[in-house]
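These notes are about the structure you will find just below.
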Amino acid sequence: MNGRTLLVVMLLAHPTLSVAATQPADGKVLGASDGLMYSRAQFTCGALPADLVADYVKASKLIAGPSAEYDEGYEQVVSRGERNWPAIPSVEQRALECQKSKEDLAIKVKLAQRWFPEAYK
758 MNGRTLLVVM
768 LLAHPTLSVA
778 ATQPADGKVL
788 GASDGLMYSR
798 AQFTCGALPA
808 DLVADYVKAS
818 KLIAGPSAEY
828 DEGYEQVVSR
838 GERNWPAIPS
848 VEQRALECQK
858 SKEDLAIKVK
868 LAQRWFPEAY
878 K
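For the record, in the sequence shown the residue sitting at position 85 is 842 according to this note's numbering, with numbers rising by one throughout.
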């Protein structure tokens, strides 16, 4: 593919790629996805450190912005509890999933701390 053709392809694909890379604007969907992350972590680990939970909730709300729809979606998913998750067969696998879930929550907290440093002073 020569340079001119590549440039045309990139210009045509750019709007599609930029739309695909953005988060959904629906607050309820964002709340539900954050609720799923928290619910899965709680299921795999049993109990989570209180500071991680508080930081995750704060970070999720900062990133999503103020929205009653977000709160509704989050609470709807979290209130379901453990009944939707499949059993984890081994202790080793549960420990690995717990560690990964904690890391996923911590990543969101670190992103919020970087994007909203004034909220964490």
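Beta carbons are placed, not taken as given, at the ideal position from N, Cα and C, and that holds for glycine.
Short check: CB of LEU787 to CB of TYR827, under 7 Å?
Result yes, Cβ atoms of LEU787 and TYR827 sit closer than 7 Å.
Where are the beta strand (DSSP E) runs, 3 residues long or more, that stay fully inside the segment 806-876, in chain order?
Counting whole runs of 3 or more residues, the segment 806-876 contains no beta strand (DSSP E) stretch at all.
If you draw a straight line from the alpha carbon of LYS818 to that of LYS857, how long is it in whole angstroms?
Computed Cα separation, rounded: 21 Å.
Once you ignore the five residues that flank ALA789 on each side, which residues in its own chain have a CB closer than 6 Å to its CB?
Closer than 6 Å at the Cβ level, and outside the excluded window around ALA789, lie GLY830 and VAL834.
Between the alpha carbons of LEU868 and ALA816, how many angstroms are there, rounded?
Approximately 8 Å, taken between the alpha carbons.
By how many angstroms is the C-alpha of ALA863 removed from the C-alpha of TRP872?
Cα to Cα, the separation comes out at about 14 Å.
In the structure shown, what three-state DSSP assignment does SER775 receive?
Residue confidence for SER775 is low, a pLDDT of 45 falling below 50, so the modelled location carries little weight; the figure read from the coordinates is stated next. Here SER775 sits in helix by DSSP.
Give me the residue from GLY803, GLU875, SER836 and SER824 with the minimum Cα distance to GLU854.
Residue GLY803 is the option with its Cα nearest to GLU854.
Out of PRO843, LYS865 and SER796, point me to the one whose CA is closest to ARG837's CA.
With distances taken between Cα atoms, ARG837 lies closest to SER796.
Compare the beta carbon distance of GLY805 and GLN799 with 7 Å and say whether it is the shorter of the two.
Looking at the sequence itself, residue 805 is Leu, so the reference to Gly does not match. Yes. Within cutoff.
Does VAL866 pass the burial test, meaning 16 or more other C-beta atoms within 10 Å, or should it be called exposed?
Result: buried.
Based on Cα-Cα distance, which residue from GLN850, ASP791 and GLY822 lies nearest to THR801?
For the residues GLN850, ASP791 and GLY822, the minimum Cα distance to THR801 belongs to GLN850.
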